[in-house]
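Single-structure report; data block below.
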Amino acid sequence: MISRTALLLLIAGLFLTLCVASALAYVYLACDGTTIKWGLPRTTIHPATISFPSGSARRSALERARDGWNLTVPARNFFFAFDYTSSTTWQLGDGVNQACFTSDYGWTSSELAITLFTYDCEELVEADVLFRPGQNWNYAHHPAPDNPLGPHYFVLVALHELGHALGLQHEDRWMATMNSFYPFSGVLGNENDPDPHGDDCAGDWALYGSAGSAHDLAVSIYRRTGTGNSDFIKAPSYADKGSTKTVTFTLLNRGTQNENGYTLKVYASNDRWITTADTLLRTATYNQTAGSDMRVSLSIFIPESLTTANYYIGFVVDPANTVFETAEDQNAVGYVKSTIIW
Amino acid sequence: MHRGGGSLLKLGLSIVAAAVVSVADATTLIRLNLKDLVDQADLIFVGTAISQEVVPSRDGKFPFTFVAFSVEQVLKGSMKDRPLTLRLAGGQIGKRTVELEGMPEFQRGERYLLFVVQNGEAGCPLLGWDQGIMQFVRDTQAGKTIMIDAWGAPIFGIEGEDWFRGAPKLVAKPGVIYSTPSTSQVHDDSDAAGSGTTTPDKEGAGRAATGKPVEADRLLAELRTFIDRRRAKPGFHSAQPVRSALPSEVPESMRGAALPPEPEKK
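Protein sequence lines, in the order shown, are assigned to chains Y and Z.
Position one of the first sequence corresponds to residue 3 (the numbering used here), numbered consecutively onward.
Position one of the second sequence corresponds to residue 15 (the numbering used here), numbered consecutively onward.
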């Protein structure tokens, strides 16, 4: 039983930690004032070959989720290594971080995956990532936004669970990959990339530090719809020429630096792949804190000069590439469905 | 009865065995609305948490938390045992504080509305984890007892197939660090070119801001009517009487077989 003194120290530690928390945002565990994380900024996960056979789409999706953390979080210190195992069993308490599909967990209808992690009040010592079989999994790397309740995209779930294996907890106050509920604030950019959001990047740096500074902007057509919940934003079904329409989207600053006065442009495009060659509808500038998502509503004027047709309305951040970013491929995105402009 | 230090101290936690590590789990959840909760639950009841006990698996490596509830009223299903004991995976062993991410937590003496599923078998016997728990609290301003969800959102009623909720209020859990939001996080409107104004998260604003928490007894009556309407619908699940989970039935260990998944879709 915990002693009263230890309890008071714990509460005091928690209070002090809360008082000095940075301006960023994320949730993690602490024990007697010590942040619970891996002792070194790397850990090895041993996916079971039987669940993730060589050359399979499921192995590829798991590795894409790993790369979402390893390769796309700007200025990252932490590294997930994979070492596949031929073991056909998993066990909590063996000191081995495993990843597999299993029926041998008390699954209920609302669960897709679980990470069991063990810590000793100083550091994480084991994290086993278990996936629930029979969930109509889809192993595509780039989840389609308009199908959030259809097949469950494994890559999004694996990205979320690896966030737990990193040491992050559920963050339900705003958009994050660590939201409690599938699809975890969704995907980024034209290619529907399943990568950590700004808040998740901030959590990663908070736990393991950052390797210098880096800039990275992105844009998404997802929005928060409730506590720990999100969905994609639907395009206006039509717009009259000469009228104004309000469009909503989410801007991400995944970099370590606050961004002041960066540019966003809104376009009308003949296809969903939005580029700066499309028809410009509006220009705006924004400031945004490092490691954050920001939902924006913007009114756009529909010019009389547009030919009557279906257009995809979309967004490009930093269209002139004036911000030197870790990745430029998430700077543009369009709504899933087109808008009739007449 | 949070499963962190403070609440456990209040409870007079019974530690059956000691170990040097803590175990927690964190899950990926599917959002459930009230219809899902009502249809899928084995048992829906109102009860008060009266005791808690942590028992490790027989190999001593994985804790299970047993929480006993006195039962006040049953809204769906039936039970074999009163009080009813629920078994939740994870907990605290020894001196270490454990936080179970997303796993419901209870305080002794507090009243809850609980949606139970697969008690004694499921890792979490509350359907949808935190989604399957509502707490009764006193609204001193309004002078009435209301219900709040696990995120601190008051319940205004039932609307369509879901709860009608107010704005959530952070319910801090012991041992969990919630960093503060950045000043520009979750902007809601930045129409003009420029940074826009800094606004807090507006969930619960608008229509929900005009709502009022409903008195708990009235809400329970609404819920009974809702459940009765669901009974004849497809998908409404009826279960055998639910029995208490027994500490003597903890598994030998937390282990299992790795499986090949079903055929892939590309």
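Virtual Cβ for every residue (Gly too), placed ideally from N, Cα, C.
Same chain only: Cβ atoms within 8 Å of residue i, ignoring 5 sequence neighbours per side
i: residue 124/Z; result: 15, 62, 63, 149 and 150
i: residue 72/Z; result: 264, 265, 266 and 267
i: residue 65/Y; result: 84
i: residue 240/Y; result: 341, 342, 343 and 344
i: residue 153/Y; result: 138, 139 and 140
i: residue 114/Y; result: 133, 134, 137, 154, 159 and 184
i: residue 308/Y; result: 243, 270, 281 and 343
i: residue 287/Y; result: 263, 264, 265 and 266
Cβ-based neighbour list, residue i, same chain, cut-off 7 Å, excluding 5 preceding and 5 following
i: residue 142/Z; result: 43, 46 and 51
i: residue 124/Y; result: 36
i: residue 53/Y; result: 102 and 103
i: residue 310/Y; result: 343 and 344
Backbone secondary structure at residue i - three-state DSSP
i: residue 218/Z; result: For residue 218/Z, the predicted structure reports a pLDDT of 40, less than 50, and the residue's modelled location is therefore unreliable. The matter cannot be settled from this model.
i: residue 315/Y; result: strand
i: residue 16/Y; result: Any answer about residue 16/Y is weak, because its pLDDT of 36 lies below 50 and its placement is not dependable; what the coordinates show is given next. Helix at residue 16/Y.
i: residue 239/Z; result: helix
i: residue 150/Z; result: strand
i: residue 337/Y; result: coil
i: residue 123/Y; result: coil
i: residue 95/Y; result: coil
i: residue 272/Y; result: coil
i: residue 65/Y; result: helix
i: residue 182/Y; result: coil
i: residue 204/Y; result: helix
i: residue 212/Z; result: With a pLDDT of 31 at residue 212/Z, under the threshold of 50, the modelled position of this residue cannot be trusted; read the value that follows with caution. Three-state DSSP puts residue 212/Z in coil, outside helix and strand.
i: residue 282/Y; result: strand
i: residue 84/Y; result: strand
i: residue 63/Z; result: strand
i: residue 72/Y; result: helix
i: residue 143/Z; result: helix
i: residue 157/Z; result: coil
i: residue 201/Z; result: Because the pLDDT at residue 201/Z is just 37, under 50, the model does not fix this residue reliably, and the point stays unresolved.
i: residue 253/Y; result: strand
i: residue 105/Z; result: strand
i: residue 332/Y; result: coil
Neighbour flag for residue i against chain Z, beta carbons, 9 Å
i: residue 271/Y; result: no
i: residue 47/Y; result: no
i: residue 30/Y; result: yes
i: residue 174/Y; result: yes
i: residue 86/Y; result: no
i: residue 318/Y; result: no
i: residue 94/Y; result: yes
i: residue 60/Y; result: yes
i: residue 50/Y; result: yes
9 Å Cβ cutoff, residue i in contact with chain Y
i: residue 4/Z; result: Residue 4/Z falls outside the range modelled here, since chain Z spans only 15 to 280, and no answer is possible.
i: residue 244/Z; result: no
i: residue 145/Z; result: yes
i: residue 191/Z; result: yes
i: residue 180/Z; result: no
i: residue 155/Z; result: no
i: residue 12/Z; result: Given that chain Z is displayed from residue 15 to residue 280, the structure contains no residue 12/Z and the question cannot be resolved.
i: residue 87/Z; result: no
i: residue 99/Z; result: no
i: residue 137/Z; result: yes
Cβ shell of residue i (< 6 Å), same chain only, five flanking positions each side left out
i: residue 59/Y; result: 141
i: residue 171/Z; result: 178 and 228
i: residue 74/Y; result: 197
i: residue 213/Y; result: 77 and 79
i: residue 118/Z; result: 140, 144 and 147
i: residue 144/Y; result: 193 and 194
i: residue 82/Z; result: 64, 65, 97 and 99
Given 8 Å as the limit, is there contact between the stretch 162-173 of chain Z and the stretch 142-153 of chain Z, that is, 3 or more CB pairs closer than that? yes
Closer than 8 Å between beta carbons: that is the criterion. Which residues of the stretch 100-120 of chain Y meet it against chain Z? 100, 102, 103, 104, 105, 106, 107, 108, 109, 110, 111, 112, 113, 114, 115, 116, 117, 118, 119 and 120
Short-range partners of chain Z found in the stretch 231-259 of chain Y, where Cβ spacing is below 7 Å: 231
Is there contact between the stretch 236-256 of chain Y and the stretch 283-298 of chain Y, where contact requires at least three CB pairs shorter than 8 Å? yes
Between the stretch 232-251 of chain Y and the stretch 296-304 of chain Y, are three or more C-beta pairs nearer than 8 Å? yes
Compile a chain-ordered list of the residues in the stretch 246-276 of chain Z whose CB is closer than 9 Å to at least one CB of chain Y. 267, 268, 269, 270, 271, 272, 273, 274, 275 and 276
Against chain Y, which members of the stretch 51-81 of chain Z pass a CB distance test of less than 8 Å? 54, 73, 75 and 76
Does the stretch 72-83 of chain Y touch the stretch 31-48 of chain Y, meaning 3 or more C-beta pairs lie closer than 8 Å? yes
Determine which residues of the stretch 116-127 of chain Z have a Cβ less than 8 Å from any Cβ of chain Y, and write them out in chain order. 116
Are at least three pairs of beta-carbons, each pair with one atom in the stretch 224-243 of chain Y and one in the stretch 168-180 of chain Y, less than 8 Å apart? yes
For the stretch 323-338 of chain Y against the stretch 203-211 of chain Y, do three or more pairs of beta-carbon atoms, one drawn from each stretch, fall closer than 8 Å, so that the two count as touching? no
Along the stretch 134-145 of chain Y, what residues have a CB closer than 7 Å to any CB found in chain Z? 135, 136, 139, 140, 141 and 142
In chain order, what residues of the stretch 146-173 of chain Y put their CB closer than 7 Å to some CB of chain Z? 153, 159, 162, 163, 166, 171 and 172
Are the stretch 316-325 of chain Y and the stretch 216-226 of chain Y touching by the rule of at least three beta carbon pairs closer than 8 Å? yes
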